Structures are given as C-alpha cells and as structure tokens.
Amino acid sequence: QKEVEQDPGPLSVPEGAIVSLNCTYSNSAFQYFMWYRQYSRKGPELLMYTYSSGNKEDGRFTAQVDKSSKYISLFIRDSQPSDSATYLCATTRGNQFYFGTGTSLTVIP
Amino acid sequence: DTAVSQTPKYLVTQMGNDKSIKCEQNLGHDTMYWYKQDSKKFLKIMFSYNNKELIINETVPNRFSPKSPDKAHLNLHINSLELGDSAVYFCASSQEGTGGVEQYFGPGTRLTVT
Numbered sequence: 157q158k159e160v161e162q163d164p165g166p167l168s169v170p171e172g173a174i175v176s177l178n179c180t181y182s183n184s185a186f187q188y189f190m191w192y193r194q195y196s197r198k199g200p201e202l203l204m205y206t207y208s209s210g211n212k213e214d215g216r217f218t219a220q221v222d223k224s225s226k227y228i229s230l231f232i233r234d235s236q237p238s239d240s241a242t243y244l245c246a247t248t249r250g251n252q253f254y255f256g257t258g259t260s261l262t263v264i265p
Numbered sequence: 013d014t015a016v017s018q019t020p021k022y023l024v025t026q027m028g029n030d031k032s033i034k035c036e037q038n039l040g041h042d043t044m045y046w047y048k049q050d051s052k053k054f055l056k057i058m059f060s061y062n063n064k065e066l067i068i069n070e071t072v073p074n075r076f077s078p079k080s081p082d083k084a085h086l087n088l089h090i091n092s093l094e095l096g097d098s099a100v101y102f103c104a105s106s107q108e109g110t111g112g113v114e115q116y117f118g119p120g121t122r123l124t125v126t
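Line order of the protein sequences matches chains X and G.
First residue of the first sequence? That's 157 in the numbering used here, and the numbers climb one at a time after it.
First residue of the second sequence? That's 13 in the numbering used here, and the numbers climb one at a time after it.
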C-alpha cells in the first residue's frame, strides 16, 4: 500500500465550478499535509499546508484534513482556466516525504 | 530572480554514461532535496541534505550520489546510466526548522537515456 493515494483523474470542469480534489493516506503518524500545484513541464509549487486536522483557507482554496478517516481534500471555489494543472497532495514524517500521483485538472472557459 | 535553478533543462545520453545535474538555490535555505518524477507523474524523494546530515531513500541505487560544494548547491551525479533512469529530476530546498513542509522546487531536468 502506498503511503498516499490519489485519484489521477483527469478531471474536467466548467469555469466557475467548485472543484474537490482528494487523497487518502495510510499512516496515522503523519501530521503535516501539503498541496502542490504543477503546471505542465514545470516544477511543483506549494499551494498550502495544514497541520493535523482541520481546515485552512487561502483565497479560493481550502485545504481540509480528516485524521479520523485519513482523508485530505483541496477545494477550489470559482475555478478559473488558470487553475488547470496537476495537483499533488503530500505528507511528511521526519525526513521522509510522500507524494500522491497527482490529479490532472482542466477548467474549461 | 530564479529561486531554485537547475542545469541542464534537458539531458539525452546513452546507457553506461556518467552524468551530473546541477542545482542552485538563492533562498538561503539550509536543506536541499532531489526528487525523481516518473512518466506517471509519481514524485519520489531520493535525498535530503543539510550541512549536518544526508538522508538517503533506501530504494535509490548507489549509482546516484549527491554532492554539495556549499550550502547553496546540491548536484546529482549518476554513474552507469540505465534506461530506467529516464525521468524528470527535480531539485528543491527548504528552510531548516520548518520540517521541510515548505519546499521550493526547481524547474526540473528531463533525462532521457537511450
């Protein structure tokens, strides 16, 4: 079992839609949970991270962690064509970092 | 100014060759990393390094070796290249003390082994 599992998609939505991206993880000891955005042929860039359970909001983006179900979510409100990218969830424990395989998102104008 | 830079951007080489990829960060970070991203976009950490400790992912073959001439640079040297080494390699950096949560990635080096 991989440490982090993520539905690869692809996911295609119309502009303005609410997008929900999800991951599950295996080890309850993980405490930090990150979301990265990766445009085609670019390096990943950190969108936001959360510590332990709860929500964190940054503009149109909300990250949510449910430790009881080992579930990580990223919500994008009022999605824009510029949000079209691959979204990677990640977690860390000590010096080890684990990434999901990424969900490819296309926002259609 | 580019925060994390890598050279070259593309690298095509033959099996059995030895090659190096360079990475530089101008963020003043203490910790640097190398990742491999395969054709399915799976990103896997290979090394993390600061001036105190080198952490090696146990699955990385010893043909791969990181070399750090100073805090701002972490180069990746690969011996005896194999077809399976074809991938995109990303360098990243973070500030020590943040647990590596906030990592800044370079643009990647696309390695093709023929």
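Idealized CB from N, CA, C, for every residue including glycine.
Please read all numbers here as calculations on a predicted model, not as lab measurements.
Determine the extent of the beta strand (DSSP E) in which R197 of chain X is found, giving its start and end residues.
Taken as a continuous stretch (DSSP letters only), R197 of chain X belongs to no beta strand (DSSP E), as it is neither H nor E.
Whole-angstrom Cβ separation of M190 of chain X and L202 of chain X, contact assumed at under 8 Å?
6 Å
Residues of its chain near K226 of chain X, where Cβ-Cβ distance is below 6 Å and the 5 sequence neighbours each way are ignored
T180 and Y181
Go ahead and pull the three-state DSSP assignment for L39 of chain G.
coil
For S17 of chain G, the three-state DSSP class (helix, strand or coil):
strand
To the nearest angstrom, report how far apart G112 of chain G and K56 of chain G are at their CA atoms.
15 Å
G172 of chain X touches chain G at which residues, Cβ-Cβ below 9 Å?
Within 9 Å Cβ-Cβ: nothing; G172 of chain X doesn't reach chain G, min ~27 Å.
Is it true that the CB of F102 of chain G sits closer than 9 Å to the CB of G258 of chain X?
No.
In terms of residue numbering, what span does the beta strand (DSSP E) encompassing D222 of chain X cover?
F217 to D222
If you run the structure through DSSP and keep just helix, strand and coil, what is S238 of chain X?
helix
Verify the CB distance criterion: does N69 of chain G have a CB-CB separation below 9 Å to chain X?
True, the Cβ-Cβ gap to chain X drops below 9 Å.
So who's on the other strand from L23 of chain G, going by DSSP bridges?
G:L123
Does the separation of the CB atoms of S77 of chain G and N63 of chain G fall below 9 Å?
Not in contact: S77 of chain G and N63 of chain G (Cβ atoms no closer than 9 Å).
Can you list, in chain order, the residues of its chain whose CB lies under 6 Å from that of T242 of chain X, leaving out five sequence neighbours each side?
Q194, G258 and S260
Would you mind working out which of G:K52, G:A99 and G:Q37 sits nearest Y116 of chain G, comparing C-alpha positions?
Closest option to Y116 of chain G, judged by alpha-carbon separation, among G:K52, G:A99 and G:Q37: G:Q37.
Could you please give me the residues that DSSP links to N87 of chain G through a beta bridge?
Note: N87 of chain G sits in a beta bridge opposite G:K79.
What does the Cβ neighbour count give for I228 of chain X, buried or exposed, with the cut at 16 atoms within 10 Å?
buried
Relative to the C-alpha of I67 of chain G, which residue among G:G120, G:T121 and G:T43 is closest?
G:T43
Cutoff 7 Å; reference P20 of chain G; Cβ partners in own chain excluding five residues on either side
T121
Give me the residue from X:L167, X:G199 and X:A185 with the minimum Cα distance to T14 of chain G.
X:G199
Straight-line Cα distance separating V263 of chain X from P166 of chain X
11 Å
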